[in-house]
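Worksheet for the structure shown next.
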């Protein structure tokens, strides 16, 4: 959409700024807004929101343009619009989804509704029960299709006439009344995102409906992978109904038809603008899914901005168009409220938004929990249709508001810590309620620190629901005695410290007994100091945990501080936890850094805003602060830097506000060419051979220089970008290909191309740069360019949160799939030396690494500042430069071995050679251990009986000779392991015809136990040296949970569903040796590697240690009760000094078996969903954990090793300012 009046005035403002020699930063300071906001206004891309119009007018006034500002740029008559929004006759629904009663204004989906009805009829002819899945992206209209299209139309007068539909909310305990021919479950993804207990209950309820009749479920397409892991949904997901995008003709109907029903019209010029924005091209063009709710809202506000009889293009432009209407509407409602009302809005919306796995999600709040004083605020947003009440719950009408209202986004960002704490609190409170308010489910006092702010701050406590406040109160009351005891202890320590000082004074006055009093006073003072150190250790640990998701380096340093201050569980835990972070070494520097690396990674250069360049050669990047050169004596900002080998010389090219130079840096740096420049040099690069340099400036000129073997340069010509709206177009990026082509970024919507073979550059057709957005294709600027080392691919980081790519080996560039999932503008891209990886630096404060062939992001590395440079250095290390000047160096391989995919439910290892992860639907991931963990080819399953598929169990023989897997229909899979990975596999039938859920292998690798919980059976096999299996025996067991061999291989220990642990003999005729009864279900167990001990984890969170040297009499040695949820896995260290575990409260635990402590010595969150399984590696030096989100990650296992590891990797230590901000009150010291 283009608002001509606004665009023209924005150009006038920008020209006035340039004429008056004011920078964009100066304009931003005048208005007290971020630089990006000012840039958006000056370019004409953004209208000032209602909240910022006063600031915009300050700019206009300061430039002397008040008298020239045209009228009608934005809405002024809000009262009239608000009145129309409240009327019942509006033809459009805004963000509210359609209900059955809205069928008269539901258009554009008639064919889809009919197609869905036909599919339902067809499925019922096949079977009268089961699941039918409707799948589509967010915003594609799934909910409205079910309510208005299916219930309102097809069940009334269409193909399902007479059918009775019943809509069921799996998250609500209320059961809808009445019989139904079809049960409908909308937004199934919400149920899949629930904690395990609630999720299981919801799915059980769903399966009950599916067993009684047909169930229609709607699922967001990005949740499909999660749903695939649910076996009960397999049938419905196998043949889903895929909701098609709207066609251009459908879109016309959506725009025009509702208005006609209400007796209104839509101007044809507005229709054409919308069609061309949202479905450009032919009649077969499709509409971006997220557009639909935005369009509905824009049409509603456009209708309300007129007289109710006509929708005009002028009003559409005033409301901000498709992309801006949501922001405008929300801001307008917000701005009409007084300060108290605005505060109530903030608190209300923060209750309606949650954060799950870094994504923002909508939450429902009971109307009964909204105070009467907030009702006017609620009504205002209900009238604007931005909030909706369904039943007794209020929620945000559509998730697009969460993404498109900037103020709400800022609130969420600013309160991320509280929202994350509230999310954990919600899970704990719900678990407490599900266990009938069992006191055992309350939070122990040592874990209250993470939510203290929610409990004590009245403003933040308002974010909590009634259940959460009730849970907090119960926790506080339950542990009141412990808290009182701690308070008394603290008072005692303070009294002792005072006594120590008094005694010291007395010793100078009294001669008698002076020595005795002095030493007693010193002892008491030491105890008080120790208490203070422990408190400071916990303070530093809390800061470390808070920073881990934003600045892993600072988190690691604070972890080291915490552990150095005192030996506390918090201190030990954050140190070990930090070894699982993507931790960079940091080299501090001046702000606004840019980066270059040589093609082989052996040289790294960082240039900054203070006119300095720092160089690192080879391993210096991790051992030295580098060599710094002051290139600009005026201290002017350096804007661009490049490196190349020219002949046998290493040459540095650098450009900035005051200079453009070439330096020979083969040995001591020598200036070899001062190229001069009349304008600031904004981009510079070498050709692949190093013989040509291209330098672009802020006026749009690109100068070309021929460079000889000595580094001397001679200008070869120039090219110029076309001006933009009469203003010179700044060159943002340049790239030179081996085929003699020059690519230049700077113009919005294109990359300019020249062929350089002849005496003069020859212009070629530009390469278009657009990205798909809610309002259609949008022109973007190529901020950074890179060419793959083989010269066949051009990558462009753009001002649109993605990397565009083209195949350029032929005359005409051919588009290749873009790299997406980036959260900000892309400031730098760089290929690795072999061209298989691409590093991407973005304004969302992260570096991403993509696999060039598959386009999959393989690493995502966060930092505390926007990233302005990226590259690869010696040893495959990844380099990033930040706007804060920091150079970050990440190792070639991080601790995360697998970062996505289906849940990794099981791990297996022989401790020395191999590690394997069994997944729900992605097969087995296999790594070979060595100096690093190298991923091997995925083991290919052998031929299986028809209808059978591989399942998630996995096992590795202790001697490293073979690998095991399983299937859904009772097959055990076996592969021999060689240096190249898994060989050809074979399948062995257990005869159970049920999923094999677990496998165990005896210590000598001669026996295999295959377990099926569903069949209630364990089958024993003999195994030869290559893993060929021969069936030996069967053991019938009551709902087995896990099975393991004893250290001598003579006893099989089984966790059973009747709340017991049983011991069986091993052989052709196994028999029961003994059993022990437990208080709850044993969910996991592990056998000590050398002794007759077994650790058992239970559903109630208890972990216990048993001895069974006499198998007929299991003896309980000790127990722990740290986990507040089901224990998922346990693992003895090889030396049996430690026991590690994971649990359903998403924590990784560690118990020191050499100590008599009744509490864990380690407890931390591994950030991998639910931590499902764990295994020790490297003889106990490290351990791996797998998670429900598909992640497999590795940590150091010992605190001393973790400390040493971190100290070699952190680089520049905490500054004085960081000490003051992050750990106030703690005296600065050496971190390592």
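In the numbering used here, the protein residues as written are 94 to 1325.
Yeah, the Cβ is synthetic: ideal placement off N, Cα and C, and Gly gets one too.
Check                                                                                                                                                                                      : Outcome
Roughly how far, in whole angstroms, is the beta-carbon of residue 744 from the beta-carbon of residue 719, given that I think they are within contact range, below 8 Å?                   : That belief does not hold up - the Cβ atoms of residue 744 and residue 719 are roughly 18 Å apart, past 8 Å.
Can you grab the Cα-Cα spacing for the pair residue 106 / residue 655, in whole Å?                                                                                                         : 53 Å
Take the Cβ of residue 791 as the centre, count every other Cβ of all protein chains shown within 10 Å, and call the residue buried at 16 or more, exposed below.                          : buried
Can you name, in chain order, every residue of its own chain whose Cβ lies under 7 Å from the Cβ of residue 764, other than the five neighbours on each side?                              : 754, 756
Pop quiz: residue 41 and residue 1015 are said to be a contact at Cβ under 8 Å. What is the actual Cβ separation, rounded to whole angstroms?                                              : One cannot answer for residue 41 here, as it falls past the ends of the chain, which runs 94 to 1325.
Quick one: what's got a C-beta closer than 7 Å to residue 510's C-beta in the same chain, skipping five residues either side?                                                              : 639
Let me confirm a value: residue 588 is counted as buried when at least 16 other C-beta atoms fall within 10 Å, else exposed. Which label applies?                                          : Here residue 588 scores only 42 on pLDDT, less than 50, and its place in the model should not be relied on; the value that follows carries that caveat. The residue in question, residue 588, is exposed, as its Cβ has fewer than 16 Cβ neighbours within 10 Å.
My guess is that residue 747 and residue 731 are in contact by the Cβ rule of under 8 Å, so how many angstroms apart are they, rounded?                                                    : 6 Å
Out of 1296, 1323, 489, point me to the one whose CA is closest to residue 1307's CA.                                                                                                      : 1323
Could you check what DSSP says for residue 111 in three-state terms: helix, strand or coil?                                                                                                : helix
Quick check on residue 756: does DSSP put it in helix, strand or coil?                                                                                                                     : strand
Helix, strand or coil for residue 1057, going by three-state DSSP, please let me know.                                                                                                     : strand
Hey, residue 1189 and residue 1180: beta-carbon distance below 7 Å or not?                                                                                                                 : no
At what residues does the beta strand (DSSP E) containing residue 1007 begin and finish?                                                                                                   : 1007-1012
Helix, strand or coil: which one does DSSP assign to residue 332?                                                                                                                          : coil
Short check: CB of residue 1107 to CB of residue 1087, under 7 Å?                                                                                                                          : yes
What residue range does the alpha helix (DSSP H) around residue 212 cover?                                                                                                                 : 203-219
Cα separation between residue 975 and residue 941?                                                                                                                                         : 14 Å
With C-beta atoms as the reference, is residue 386 less than 7 Å away from residue 491?                                                                                                    : yes
With DSSP as the reference, please indicate the residues paired to residue 361 in a beta bridge.                                                                                           : In DSSP, residue 361 forms no bridge with anything.
Return helix, strand or coil for residue 103, following the three-state DSSP convention.                                                                                                   : helix
Classify residue 1249 as buried or exposed, calling it buried when 16 or more other Cβ atoms lie within 10 Å of its own Cβ.                                                                : exposed
Taking the alpha helix (DSSP H) that residue 497 belongs to, which residues open and close that run?                                                                                       : 492-497
In terms of residue numbering, what span does the beta strand (DSSP E) encompassing residue 858 cover?                                                                                     : 855-861
Report yes or no: do the segment 960-973 and the segment 680-690 share at least 3 C-beta pairs separated by less than 8 Å?                                                                 : yes
Can you tell me which of the three DSSP states residue 250 falls into?                                                                                                                     : coil
Would you list the residues sitting across from residue 310 in a DSSP beta bridge?                                                                                                         : 226, 278
Could you name the residues of the same chain whose beta carbon sits closer than 6 Å to that of residue 1337, not counting the 5 residues immediately before and after it, in chain order? : Outside the shown range of the chain, which is 94 to 1325, sits residue 1337, and nothing can be said about it.
Using a Cβ-Cβ cut-off of 8 Å (strictly less than) and excluding sequence neighbours within five positions of residue 328, which residues of its own chain qualify?                         : 223, 224
Kindly list the residues whose CB is nearer than 6 Å to the CB of residue 772, restricted to its own chain and excluding five residues on each side of it in sequence; keep chain order.   : 790, 791, 792
Go through its chain and collect everything with a Cβ distance to residue 662's Cβ below 8 Å, but skip five positions before and after it.                                                 : 539, 1252, 1253, 1254, 1255, 1256
With a CB to CB cut of under 7 Å and the five nearest residues on each side skipped, what residues in its chain are close to residue 1098?                                                 : 1050, 1051, 1052, 1054, 1116
Using a 10 Å radius around the Cβ and a threshold of 16 neighbouring Cβ atoms, would you call residue 390 buried or exposed?                                                               : buried
Let me confirm a value: residue 345 is counted as buried when at least 16 other C-beta atoms fall within 10 Å, else exposed. Which label applies?                                          : buried
Expressed to the nearest angstrom, what Euclidean distance is found between the alpha-carbon atoms of residue 357 and residue 236?                                                         : 26 Å
Name, in chain order, the residues that DSSP records as bridge partners for residue 1028.                                                                                                  : 1020
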